[in-house]
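Per the working numbering, residue 68 is the first one in the sequence shown, and the count goes up by one each step. C-beta atoms are modelled at their ideal positions from N, C-alpha and C, and glycine is treated no differently.
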Amino acid sequence: MKPYRRKLSSEDAATGSILIEKRVWRAFPPPMTEFDVDVAGARFATRIVAEDCACVPPPHQHYHLEAGHFRDLLDFARGSVIEIDAGDAGFVVRNG
């Protein structure tokens, strides 16, 4: 997997989550499946949460990586770039 890069929105920063764009959904475990991430040398369990949405027709889902429990180890402000890369034993999350 090529590293997934996301410039954090104000919603990402406020909720402590990272939007996973539809083009890369398949690179991550299915929603609600716990998996490990490495952040600044520490391991955390996290998951993808699917949120039902009707922002544009037809109704669909948005996927978010829960990051609230490790966001303090990153620059998690609006406009910061987060990079998620597949590692040997999970994923690595870092500022990009």
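Asked                                                                                               : Found
Runs of beta strand (DSSP E) wholly within the stretch 127 to 157 (minimum 3 residues, chain order) : 127 to 133 and 148 to 154
Supposed close pair residue 117, residue 98 - CB separation, criterion 8 Å                          : 4 Å
Proximity of residue 141 and residue 106 at Cβ, strictly below 8 Å                                  : yes
Spatial distance of residue 133 from residue 120 (CA atoms)                                         : 17 Å
Span separating the alpha-carbon of residue 135 from that of residue 94                             : 21 Å
Assigned secondary structure, residue 118 (DSSP; H/G/I helix, E/B strand, else coil)                : strand
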